[in-house]
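Q:
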Amino acid sequence: LYDQRLKQMLIKEIIQVLRDKRTRTVLFLPPMIQLLVFGYAATFEIHNVPMAVLDLDHSQESRELVSRFAASRYFDLRAYLSNDREIAERIDRGDVQLAVQIHPGFSERLRKGQTASVQVILDGTNSNTALVALGYVGQIAQQYAAEMQNERLLRRNPALIELAPRIELERRPWFNTDLQSQWFFVPGVIGSIMLIIVVTLTSFAVVREREIGTLEQVMVTPIRRVEFILGKTLPFFLIGLADMALIATVGTLWFRVPFRGNFGVLLLGT
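To convert, note that position 20 of the sequence shown is 20 in this note's numbering; the numbers rise steadily by one, no gaps.
#1: Looking only at its own chain, which residues have a Cβ that is under 6 angstroms from the Cβ of Gln-97, when we skip the five neighbours before and after it?
#2: Return the first residue and the last residue of the beta strand (DSSP E) that Leu-122 is part of.
#3: With a threshold of 7 angstroms on Cβ separation, who are the neighbours of Ile-252 within its own chain once the five nearest residues in sequence on each side are excluded?
#4: Cβ of Arg-90 within 9 angstroms of Cβ of Ala-99?
#5: Sort Glu-170, Asp-84, Phe-28 and Glu-108 by Cα distance to Gln-119 and report the nearest one.
#6: Do you know how far the Cα of Met-148 is from the Cα of Leu-81?
#7: With a threshold of 6 angstroms on Cβ separation, who are the neighbours of Phe-38 within its own chain once the five nearest residues in sequence on each side are excluded?
#8: Could you work out which residue in Met-9, Asp-3 and Leu-27 is closest to Asp-243 when comparing CA atoms only?
#9: I need the boundaries of the alpha helix (DSSP H) containing Leu-54, first residue and last residue.
#10: Could you compute how far the alpha carbon of Thr-115 sits from the alpha carbon of Val-198?
#11: Just confirm the distance between the C-beta atoms of Ile-102 and Leu-56, as a whole number of angstroms; I'd bet it's less than 8 angstroms.
#12: If distances are taken between C-alpha atoms only, which option among Met-9, Asp-76, Glu-13 and Met-32 comes closest to Ser-192?
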């Protein structure tokens, strides 16, 4: 008898879902939109950040540093400035998001083995882009400084390079070795769907009973509270599993996110 009452509740909820056009739309359209948005738009990387350069040193060393930025896929060198007033003007107009200023005496300090500073001016309106771009600038500058130091040692004492101690930090990810953002965001949509869509629709299903006036009818039936809650929860849980399978299929076939592991483990985790 318990199984029969629960079965009838499940059938009733599934029929209501299939009849309600708005619910059908919420079940499948938002997951696909989220999948496309996170798959194409959401990323931890930035590319072609518009930048300008103010080179007040005009030396071979400064031009070599600027060429590193121009050759990088992370930056798009838009302009060479003539004075520091143009930096604020370009950033305020939105022409560039970043400006690198190389002060006079840059090459002279490098040749003497001293620290040569480079100023970076960022547009902090988009803090995430600014921080990521600043990290890229730091990587390029560190690599340039290491190469300049090696060249200086090579000129003074080539044998000293082999004897000089050196510590190198290498990053080797165990998973997603190429750090592709789609491999991170597309599977994350599954968790988002489980948390938002399923829970929200289950709540709507309970509220709908009161809105249309059928909750009182349900209360006078032999259905127990546990059966009522399970009858409202299980249909959307099963639909959530179907959404998960749909997202996993589209993510694997369309976005080329490799599926490695046991599908049963993913199903149990979901």
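Glycine included, every Cβ here is placed at the ideal spot set by N, Cα and C.
Nothing here was measured: the structure is a model prediction, and the numbers come from that model.
A: Let me spell this out:
#1: Val-49, Pro-50 and Asp-123
#2: 118–122
#3: As written in the sequence, residue 252 is Thr, which differs from the Ile given in the question. Only Phe-259 meet the Cβ criterion.
#4: yes
#5: Asp-84
#6: 25 angstroms
#7: Phe-185 and Val-189
#8: Leu-27
#9: Here Leu-54 belongs to no alpha helix (DSSP H); instead the beta strand (DSSP E) covers 49–55.
#10: 58 angstroms
#11: 6 angstroms
#12: Met-32
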